[in-house]
Structures are given as C-alpha cells and as structure tokens.
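First the structure, in the form of structure tokens, and then the observations on it.
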Amino acid sequence: MTHTRLGVTPLHRLQKDFLSVLDLQPDDLLRVLEVAACLKDDRRRGRQMLTAHVLGGRHVALLFDKPSLRTHSTFQIAIHELGGQVLDLQPGVALSSREPLVDVARNLAQWVDAVVIRTFSQQVLEAFAAAAPQLHIINALTDQEHPCQALADFLTLRERWGRLAGRTLAFIGDGNNVAASLAHAGAMLGVHVHVASPAGYELPAAVVEQALAVARPDTRVRLFRDPVEAVAGADAVYTDVWTSMGQEDEAEGRRAAFAPYQVNQALMDAAAPDAAFLHCLPAHRGEEVSAEVLDSPASLVFEQADNRLHTQKALLLMLLAPQAAADYCSPD
Ligand code: CP
Ligand code: NVA
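Residue numbers for the sequence shown follow the numbering used here, so the first one is 88 and each next one is one higher.
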C-alpha cells in the first residue's frame, strides 16, 4: 500500500462510477467514511467549509425512476453544498421509450459531469455507464443494490462502535437491494453479516459469494431461517420494508410470509445487550418493525438519514474532485 506525503491513502480505484459497493476497494470504502466524518464535522462552518466551492461550474444530473425522499434530497443538498449545480431530470423523458438509453447517456455527457440514477435494473445502470465513458454514474438504488445507503449505515455504526471490524450486524427480512449492499460493505469492513429470511426471499447466493470474495479474513456472511438465531450476539439489528418499490403486486403474499420476521422488542432482547436498531426508511410501524423499536433509544434511523448527506458528499468529492478529496481531511 502506498501513502501520500500526508499519510493519506490515495484513491486510485474510485475513478469513474459507483454502481456497487463492489466498485470500491476496502481502502476506498474506509476513506469514504473518513472523508464523510470530516465533512460532517466541518458542516457547521457553512460556506466557510474548505469544500464549499469544489464543484463550482460542474453539473450533476439526477434521474429518479422511483420515488425518493432521502436519496433525492440529500444528493441535491450535497451538490449545492459542494458548489455544484443540480439538473433534476424527468424520468418519463430520460428513461422511457422516447429514445435509446445510449443516446440519453451520450446527450447528458455533453452537458454534465455525473448522473445519479435510481431505477429498476442494475443492467440499465451498467449500460448507461458503458455508453458514456466520460460521465460518472452513481447508483441511487436499483432492484439489486443500494450502495449509497450502505455507506451511510456503516458511518452510523462506526460512530456508534468506534471500530467496525469484529462486530456483527443481523439483517432480518427480505434479502433485497439494501441487504445486498450491507453484505458487500459489511464483509469488506470485517463486520460479520447475518441475514434471516423466509423461504424464497433469501439473499441471493451470488451476493453471498460476492461478499465472501471481498470479505476481510475470518469475516462471516451467514444466512438463517430463524430470526432469533440470526440476532443472537448481534451488535446491530437491521430491517427494511417487506415489499420494495416495484413489488406492490406481491404485497399481500409478502405480508404473510414475513409476519414472523417483525423486529420487535422481543427480538431486540434476543440480540446483544445495547444492540442498535437500523432501518433505511421509509418504515412501516407494525409491519417489519414495531413502533416501540423504531422510536426507541436503540434506534439510529435518523442518524442514518443524516449520514446519507455526508457520505454522498464524500462520494461526489472523491469521484469528481479526487485531488481536493486527497488534500482534504488528512490526519496531519
Ligand atoms: N433510504 C432511502 O433510500 O430513502 P428514499 O427512498 O426516500 O430515498
Ligand atoms: N428495499 C426498499 C428500499 C427503499 C429505500 C425498496 O427498494 O423499495
């Protein structure tokens, strides 16, 4: 591993896109968290922040093909606070049959530096990124992955625990996009990941393999059927909606299948003492989580929402202004 004059690990790999946590090397992931923590701390300085004008004259397009409160808001605020301009696109125009996706990407490449995309298929994202080699593409959620969420979640857990490696995170529910990115990032950071799901809703075997391939030595990724077994010894318990965006037709069947997987106080009591509760939000009190747990002191859900801003700001800085990112937030 090489080090700069300042002792900061340079970011050689995070160069073009962030489509997946798997696009990061472990050093990059740690550096995103480190830069995000500095940005969070500096934010009270407002326009006096060292990074307030770093994206001056740069444009970032947002292309959201599914609803969003947190991701859409925090990317806009992050771009503004770095001095950049937001182009908020209409998905019905840009991701429709009006013109080929490749042409949309090539058009945008004439005008903007980066495109933040929330859509259904990860393949669409990959096709978009391949069509415009000069554009930075960021995954704001697909059916398969939600990597920006995992960045915020591990910043939140690092704030809570100090050191991440060796801890255990139990995800209870659907082996979905959020679970996949948590497994990727957790394994890379040395956090043991347990995922408990009903039959037919498990984390895909391919995701487990990917996570194990990037895992720190001795880091476990384990699937469970029984949520009580999954949370035993867990330092954090995470859940997400039972029905993700785009699966609304399956809601009734999912409610029945996931009923035994609600995160309630009894399940939290089966985890480690002082275990934290996490949820990416939006949450449905009385379904995947009881109101008692969501609104309890153990719940870090609004810290997670806060950290969406800081981690995405770090990501934009590292992708669009790598030198500024390397000069910023050194340990010296
Ligand atoms: N957690 C999350 O991504 O929230 P939104 O869907 O509101 O962006
Ligand atoms: N799994 C959820 C996450 C929402 C942030 C969904 O895809 O709808």
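Even for Gly, the Cβ is constructed at its ideal location relative to N, Cα and C.
Since the model is a prediction, treat every value here as computed from it, not as a measurement.
In the DSSP assignment, A323 falls within the beta strand (DSSP E) that extends over 323–326. Around the CB of H233, 16 or more other CB atoms lie within 10 Å, so the residue is classed as buried. Burial check for A292: the Cβ neighbour count within 10 Å stays below 16, so the residue is exposed. About 10 Å separates the CB atoms of F364 and S377; that is not less than 8 Å, and the two are not in contact.
For H281, the enclosing beta strand (DSSP E) stretches over residues 279–283. Distances taken from the Cβ of S331 to the heavy atoms of ligand 2 include one shorter than 8 Å.
Taking 8 Å as the cut-off, the C-beta of S155 counts as close to a heavy atom of ligand 1. DSSP, reduced to helix, strand and coil, places N263 outside both helices and strands of the structure shown, so it counts as coil.
Straight-line spacing of the CA atoms in A196 and P360 works out to 51 Å. Within 8 Å of the C-beta of N263 there is at least one heavy atom belonging to ligand 2. Looking at the backbone, the Cα of A346 and that of M332 are separated by about 19 Å.
Residue burial is scored here from C-beta neighbours: W198 has fewer than 16 other C-beta atoms within 10 angstroms and is therefore classed as exposed. Secondary-structure assignment with DSSP links A272 through no beta bridge to anything.
Contact check for A353 against R312 fails: the beta carbons are separated by 9 Å or more. Secondary structure of N194 (DSSP, three-state): helix. Between the region 123–137 and the region 208–217 there are fewer than three inter-stretch CB-CB distances shorter than 8 Å, so the stretches are not counted as touching. Cβ-Cβ distances below 6 Å link T158 to A227 in the same chain, with the five nearest sequence neighbours on each side left out; the list follows chain order. In the three-state reduction of the DSSP assignment, T255 falls in the strand class. If the five residues before and after L387 are omitted, its C-beta is found closer than 6 Å to the C-beta atoms of T243, A363, L365, all from its own chain and listed in chain order. Excluding its 5 nearest sequence neighbours in each direction, Q236 has C-beta neighbours in its own chain below 7 Å: V265, S268, C367, listed in chain order. In this structure, the straight-line span from the alpha carbon of G273 to that of E296 is close to 13 Å. Judged by the Cβ position, H233 qualifies as a neighbour of ligand 1 at the 8 Å threshold, a heavy atom of the ligand being closer than this.
Per DSSP, V376 lies in no beta strand (DSSP E) and is assigned neither H nor E. Each residue's CA atom was taken as its position, placing V147 and D393 some 21 Å apart.
Under DSSP, S386 forms a beta bridge with F364. Within 8 Å of the C-beta of Q209 there is not a single heavy atom belonging to ligand 2.
For the region 122–180, the full-length alpha helix (DSSP H) segments reaching 4 residues or more read 157–168 along the chain.
If you look at F241, you'll find it isn't in any beta strand (DSSP E); it sits in the alpha helix (DSSP H) that goes 234–248. Judged by DSSP in its simplified three-state form, N394 adopts helix.
The shortest CA-to-CA distance from F258 to any of H271, E246, R247 is the one to H271.
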